[in-house]
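Asks: Before I ask anything, let me first share the structure, which is written out below as structure tokens.
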Amino acid sequence: MPGLRTIAAVAAGKAARVVTKARGGGSAFPGLVAERVDPRVLAHALERVHDGIVVVSGTNGKTTTTKMLVAILRGHGRTVFTNPTGSNFTRGVISALLGEVGPSGRLADDLAVLELDEAHALHFAAAVAPTHALLLNVARDQLDRFAEIDHTAKLLASLAESVTTGLVLNRDDAFVARIGGDAKSTVRVRYFGVDQVIAHRLPELQEQDVRFGEDVVVPPAGDGDALLRPLDEHRFEVLLGPEGSAGVVGPLELKQRGLAAMINATAATEMARMLLGSAFDPAAAVRALAEVTAPFGRGEVIDVGGSTLELVLVKNPAGFTVALSTYGSTPVATMIAINDNYADGRDVSWLYDVSFASLRERGVALTSGVRAYDMALRLQYDDVAVEAVEPDLDLALDRFLSANRGEPARIFCTYTAMMALRRTLAARFDLPAFGEEAS
Amino acid sequence: MSAGADVSDGAEMNAAASKGEVHVVHLYPREMSIYGDLGNTRTMVSRLRRHGYTPVLHDHHPGAEFPEHTHLVLGGGGQDSGQARVEEDLAVIGPRLTALAAAGTPMLMICGMYQLFGNAFVTVEGARLPGLGILDVTTQGNAKRMIGPVVMSTDFGDVVGYENHSGSTRLGAGQAAFGAVRAGFGNNGDDGTEGARTGNVFGTYLHGPILPSNPAFADALLSYAVPLATGDAFQPEALDDTFADEARTRQVRRLVAAGR
Ligand SMILES: [Zn+2]
Chain A
1 MPGLRTIAAV AAGKAARVVT KARGGGSAFP GLVAERVDPR VLAHALERVH
51 DGIVVVSGTN GKTTTTKMLV AILRGHGRTV FTNPTGSNFT RGVISALLGE
101 VGPSGRLADD LAVLELDEAH ALHFAAAVAP THALLLNVAR DQLDRFAEID
151 HTAKLLASLA ESVTTGLVLN RDDAFVARIG GDAKSTVRVR YFGVDQVIAH
201 RLPELQEQDV RFGEDVVVPP AGDGDALLRP LDEHRFEVLL GPEGSAGVVG
251 PLELKQRGLA AMINATAATE MARMLLGSAF DPAAAVRALA EVTAPFGRGE
301 VIDVGGSTLE LVLVKNPAGF TVALSTYGST PVATMIAIND NYADGRDVSW
351 LYDVSFASLR ERGVALTSGV RAYDMALRLQ YDDVAVEAVE PDLDLALDRF
401 LSANRGEPAR IFCTYTAMMA LRRTLAARFD LPAFGEEAS
Chain B
1 MSAGADVSDG AEMNAAASKG EVHVVHLYPR EMSIYGDLGN TRTMVSRLRR
51 HGYTPVLHDH HPGAEFPEHT HLVLGGGGQD SGQARVEEDL AVIGPRLTAL
101 AAAGTPMLMI CGMYQLFGNA FVTVEGARLP GLGILDVTTQ GNAKRMIGPV
151 VMSTDFGDVV GYENHSGSTR LGAGQAAFGA VRAGFGNNGD DGTEGARTGN
201 VFGTYLHGPI LPSNPAFADA LLSYAVPLAT GDAFQPEALD DTFADEARTR
251 QVRRLVAAGR
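Taken in sequence, the protein lines are chains A and B.
So in UniProt numbering, spot 287 of the first sequence is number 287, and the numbers just go up one at a time.
So in UniProt numbering, spot 244 of the second sequence is number 244, and the numbers just go up one at a time.
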């Protein structure tokens, strides 16, 4: 029986949701309202979700991986509740819930898959113990908010402790792999990672874990684990067990490009396999993954009057490095837009932890944003030629598009720069409305 | 990250054209180089080359022997875990660093390494962790973090950067500051000082990183290093610092006009 308080909470939240929608406001507000009325609203809503309450966390790739995992589970006929807007906060989850639940306040889905950042994942776990967690990586992300990588790693370790049934961990990320050793004996631990053939590309994607003298020793991949093996730049397989002894998912090509997306797909596959058990069907996983579109801002391709413009969101050193290695192999006209608002990270020091050498061949046509000159200076120190600097985003965009008419172009941009550019592009090229995604 | 580690490219320089070798030591690049502090090393190596010298970069790791030739020493900020891992080595190389400092070797220590170059770090619990004592400063750990962009006045003009520290640092009675804060917190948020300078040794909280956007300060460090390396005065080339000057003056305008 839902208590009166819960019913009141759901009603208040739903009312706030209607008001917020009508005003076009943000997604966290209705959740805030419901949480104020009854902090247990979450636990109550998820009470009948029997096949798994899964938290996806880590610094990079949460949105993509969550989308992929949900797609695979739905591809197996399961009903899944998720927080699709990328509002990866506890309150954002409640807001999304309110759209789904009936007046009883309970969800009727088989599974819940929730993307939560490290701090909010812990808040969530305090209210509802997740059955499963999929932990992706630990990287520097806007340190002026989280201050320390070690702190982030600790948050993930605490989250792992709250899990009741199963953990899927990145075996190639020392911060995350280390967590497996501390797991309760009642919790199943499985790993995803990359096959030996591409292990040499990992250092560029990862932070150094300097807390301990020795490197973490991860046991060799077992039957329960999943390894990524790329076949070429676009196609890959996920090997289940050593050398695929327990099966192979693929060959497969994603709509989203790059090694990071392939790793995300491997992570999602492994989590789906743990959740579905013997019902897991590699062919269904391939079909589902092949249909997943890139989340907003991750390699989104816009038609700008006959040629293509890619908008690539960059927000931390590992992410920018991955983006450059993904796109660097085919040089195209490039612009980089760096803002330093709160949502971008106010400290631009991190640009010096990225190597821009891959842009040397073609150079950069324009730098823009509030920190346009800092970006140009950074490129100068990597011997990358910069043709022009224009801090004003709209002027820079016009100049960039007209100078490169008829050929593919690419803009790397921080969050608020992307939002501004996307708004201008939407107005000029009649693009559909877009949602905000956080990770 | 290993992505930015390829800065030691002085080797391909034509030896005949060089004005001489300058040996740059980066202390603990793995443990103590967060928030882009590696950019300082990159800047020094690159500017030496552009000024016609041959940079020789030594990455000094804990437990390794300290390089014999040392004309410029750079150190950065780290996390608590990184700091814990270098303390033992710092005690070993401490006398060498003290001697080099006394001989006029320029050093730039950012954030965590700045604190370790001071007399002591006093934790929130009251434990006193001794430092090298090259700079007469003492840092008190506190819960409040001082985070944000900084503008300060120095002997090298306006200097901009970004601070992110929880320690409050106080200067000893005769200790000179590096700069006077115009926007930001600086050493402690209340006495208007930022960093410390003794001879050619500089300590500061400024990341950003500090050297690329403040080339006058970067070249001052080189002007102290070059005579030690070559026996001759620094003979700079005219470098194009337009991007750096624009980046810096824009930050000054933005932050000093707006306050915080
Ligand atoms: Zn710092």
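Note that the Cβ used here is the ideal one computed from N, Cα and C, for glycine as well.
Counting only Cβ pairs nearer than 7 Å, list the residues of chain B close to residue 376 (chain A).
Replies: Start at 1 with the first residue of the first sequence, and residue 376 (chain A) comes out as number 376. Neighbours of residue 376 (chain A) on chain B, chain order: 243.
Asks: Report yes or no: do the stretch 124-141 of chain A and the stretch 50-70 of chain A share at least 3 C-beta pairs separated by less than 8 Å?
Replies: Touching, per the Cβ criterion.
Asks: Under the criterion of a Cβ to heavy atom distance below 6 Å, does residue 165 (chain B) qualify as lining ligand 1?
Replies: The residue given as residue 165 (chain B) occupies position 165 in the second sequence. Checking every heavy atom of ligand 1 against the Cβ of residue 165 (chain B), one is found closer than 6 Å.
Asks: 7 Å is my cut-off, CB to CB: does residue 349 (chain A) come that close to chain B?
Replies: Residue 349 (chain A) sits at position 349 when you count from the first residue of the first sequence. Answer yes: the Cβ-Cβ gap between residue 349 (chain A) and chain B drops below 7 Å somewhere.
Asks: Give the interface partners of residue 179 (chain A) over in chain B, defined as CB-CB distance under 7 Å, in chain order.
Replies: Numbered from its first residue, the first sequence carries residue 179 (chain A) at position 179. Those within 7 Å of residue 179 (chain A) in chain B number zero; the least Cβ separation is about 16 Å.
Asks: How is residue 250 (chain A) classed by DSSP in three states: helix, strand or coil?
Replies: Walking along the first sequence from the start, residue 250 (chain A) turns up at place 250. Looking at residue 250 (chain A) - three-state DSSP - the assignment turns out to be strand.
Asks: So, helix, strand or coil for residue 314 (chain A), using DSSP?
Replies: In the first sequence, residue 314 (chain A) corresponds to position 314, counting from 1. Residue 314 (chain A) falls in the coil class under three-state DSSP.
Asks: Check for me: the beta strand (DSSP E) holding residue 203 (chain B) runs from which residue to which?
Replies: Here residue 203 (chain B) corresponds to residue number 203 of the second sequence, with the count starting at 1. Residue 203 (chain B) -> beta strand (DSSP E) spans 201-204.
Asks: Using CA coordinates, which residue listed in B:39, B:107, B:46 is at the minimum distance from residue 195 (chain B)?
Replies: By 1-based counting over the second sequence, the position of residue 195 (chain B) is 195. It is B:107 whose Cα lies nearest to the Cα of residue 195 (chain B).
Asks: Are any of the Cβ atoms in chain A nearer than 7 Å to that of residue 61 (chain B)?
Replies: For the purposes of this step, residue 61 (chain B) is identified with residue 61 of the second sequence, where counting begins at 1. No, residue 61 (chain B) lies away from the interface with chain A (no Cβ there is under 7 Å from its Cβ).
Asks: What residues in its chain sit with their C-beta under 6 Å from that of residue 261 (chain B), if we drop five residues either side in the sequence?
Replies: The requested residue 261 (chain B) is not part of the displayed model; chain B covers only 1 to 260.
Asks: Taking contact to mean 3 or more Cβ pairs, one atom from each stretch, closer than 8 Å, check whether the stretch 108-119 of chain A and the stretch 75-85 of chain A are in contact.
Replies: Enough Cβ pairs lie closer than 8 Å, so yes.
Asks: Among the residues of its own chain, which have a CB less than 6 Å from the CB of residue 114 (chain A), if the five just before and after it don't count?
Replies: Indexing the first sequence from 1 puts residue 114 (chain A) at position 114. Once the five neighbours on either side are set aside, the close Cβ partners of residue 114 (chain A) are 55, 83, 93.
Asks: Mind checking who residue 140 (chain B) pairs with in its DSSP beta bridge?
Replies: Taking the first residue of the second sequence as position 1, residue 140 (chain B) is located at position 140. Answer is B:122, B:168, bridged to residue 140 (chain B).
Asks: Can you say whether residue 253 (chain B) is buried or exposed, counting buried as having 16 or more other CB atoms within 10 angstroms of its CB?
Replies: Taking the first residue of the second sequence as 1, we reach residue 253 (chain B) at position 253. Residue 253 (chain B) is exposed by the Cβ-count criterion.
Asks: Less than 6 Å between the CB of residue 104 (chain B) and some heavy atom of ligand 1, yes or no?
Replies: The residue given as residue 104 (chain B) occupies position 104 in the second sequence. Residue 104 (chain B): no, Cβ never under 6 Å from ligand 1.
Asks: Starting from residue 400 (chain A), follow the alpha helix (DSSP H) in both directions and report where the run begins and ends.
Replies: Taking the first residue of the first sequence as position 1, residue 400 (chain A) is located at position 400. Note, residue 400 (chain A): alpha helix (DSSP H), 393-403.
Asks: Report the residues of the stretch 331-355 of chain A with a CB closer than 9 Å to any CB of chain B, ordered along the chain.
Replies: Those residues of the stretch 331-355 of chain A that come within reach of chain B (Cβ to Cβ, closer than 9 Å) are 340, 346, 347, 348, 349, 350, 351, 352, 353, 354, 355.
Asks: In chain order, what residues of the same chain have a beta carbon less than 7 Å from the beta carbon of residue 195 (chain A), not counting five sequence neighbours either side?
Replies: For the purposes of this step, residue 195 (chain A) is taken as the residue at position 195 of the first sequence. Counting only Cβ-Cβ distances below 7 Å, and skipping sequence neighbours, we find 227, 228, 229, 239.
Asks: Strictly below 9 Å CB to CB, what residues from chain A border residue 153 (chain B)?
Replies: In the second sequence, counting from the first residue as 1, residue 153 (chain B) sits at position 153. The contacting residues do not exist; residue 153 (chain B) stays about 21 Å from chain A at best.
Asks: With a cut-off of 8 Å, do at least 3 Cβ pairs link the stretch 208-221 of chain B to the stretch 41-54 of chain B?
Replies: They touch, by the three-pair rule.
Asks: Where do the N-terminal and C-terminal ends of the beta strand (DSSP E) with residue 183 (chain B) fall, by residue?
Replies: Residue mapping note: residue 183 (chain B) aligns to position 183 of the second sequence, counting from 1. 179-183 is the span of the beta strand (DSSP E), which, as asked, contains residue 183 (chain B).
Asks: Counting only C-beta atoms, is residue 380 (chain A) closer than 7 Å to chain B at any point?
Replies: Counting from one through the first sequence, the residue named residue 380 (chain A) turns up at place 380. Yes, residue 380 (chain A) lies at the interface with chain B (some Cβ there is under 7 Å from its Cβ).
Asks: According to a CB-to-CB cut-off of less than 9 Å, which residues of the stretch 134-158 of chain B neighbour chain A?
Replies: So the close ones are 145, 147, 148, 149.
Asks: Could you give the distance in angstroms between the alpha-carbon of residue 204 (chain B) and the alpha-carbon of residue 278 (chain A)?
Replies: As a first step, residue 204 (chain B) is located in the second sequence; it is residue number 204 there, counting from the start. As a first step, residue 278 (chain A) is located in the first sequence; it is residue number 278 there, counting from the start. Roughly 59 Å between the two C-alpha positions.
Asks: Pop quiz: residue 412 (chain A) and residue 323 (chain A) are said to be a contact at Cβ under 8 Å. What is the actual Cβ separation, rounded to whole angstroms?
Replies: Residue mapping note: residue 412 (chain A) aligns to position 412 of the first sequence, counting from 1. Residue mapping note: residue 323 (chain A) aligns to position 323 of the first sequence, counting from 1. That belief holds up - the Cβ atoms of residue 412 (chain A) and residue 323 (chain A) are roughly 6 Å apart, short of 8 Å.
Asks: Does the beta-carbon distance from residue 146 (chain B) to residue 32 (chain B) come in below 7 Å?
Replies: Numbered from its first residue, the second sequence carries residue 146 (chain B) at position 146. Numbered from its first residue, the second sequence carries residue 32 (chain B) at position 32. Cβ atoms of residue 146 (chain B) and residue 32 (chain B): not closer than 7 Å.
Asks: Cβ of residue 78 (chain B) versus every heavy atom of ligand 1: is any distance shorter than 6 Å?
Replies: Looking up residue 78 (chain B) in the second sequence gives position 78. No.
Asks: According to the Cβ coordinates, are residue 416 (chain A) and residue 339 (chain A) closer than 7 Å?
Replies: Position 416 of the first sequence holds residue 416 (chain A). Position 339 of the first sequence holds residue 339 (chain A). Contact flag set, yes.
Asks: Against chain B, with Cβ distances strictly below 7 Å, would residue 415 (chain A) count as a contact?
Replies: In the first sequence, counting from the first residue as 1, residue 415 (chain A) sits at position 415. Cβ-Cβ to chain B under 7 Å: no for residue 415 (chain A).
Asks: Any contact of the stretch 358-370 of chain A with the stretch 388-407 of chain A, i.e. 3+ C-beta pairs under 8 Å?
Replies: Enough Cβ pairs lie closer than 8 Å, so yes.
Asks: Are there any heavy atoms of ligand 2 lying less than 6 Å away from the beta-carbon of residue 413 (chain A), as far as the coordinates show?
Replies: Judged by which ligands are present, ligand 2 is missing from the structure shown, whose ligands are ligand 1.
Asks: Let me see if you follow: with CB-CB separation under 7 Å, is residue 209 (chain B) close to chain A or not?
Replies: Translated into positions along the second sequence, residue 209 (chain B) becomes position 209. Closer than 7 Å: yes.
Asks: Please compile the residues from chain A whose C-beta is within a distance smaller than 9 Å of the C-beta of residue 42 (chain B).
Replies: The count along the second sequence starts at 1 and reaches residue 42 (chain B) at position 42. Those within 9 Å of residue 42 (chain B) in chain A are 352, 381, 382.
Asks: Shortest alpha-carbon distance to residue 198 (chain B) belongs to which of B:133, B:82, B:38, B:128?
Replies: As a position in the second sequence, residue 198 (chain B) is number 198, starting the count at 1. Measuring from the Cα of residue 198 (chain B), the nearest candidate turns out to be B:133.
Asks: Could you give the distance in angstroms between the alpha-carbon of residue 24 (chain B) and the alpha-carbon of residue 211 (chain B)?
Replies: Within the second sequence, the letter at position 24 stands for residue 24 (chain B). Within the second sequence, the letter at position 211 stands for residue 211 (chain B). C-alpha separation (whole angstroms): 14 Å.
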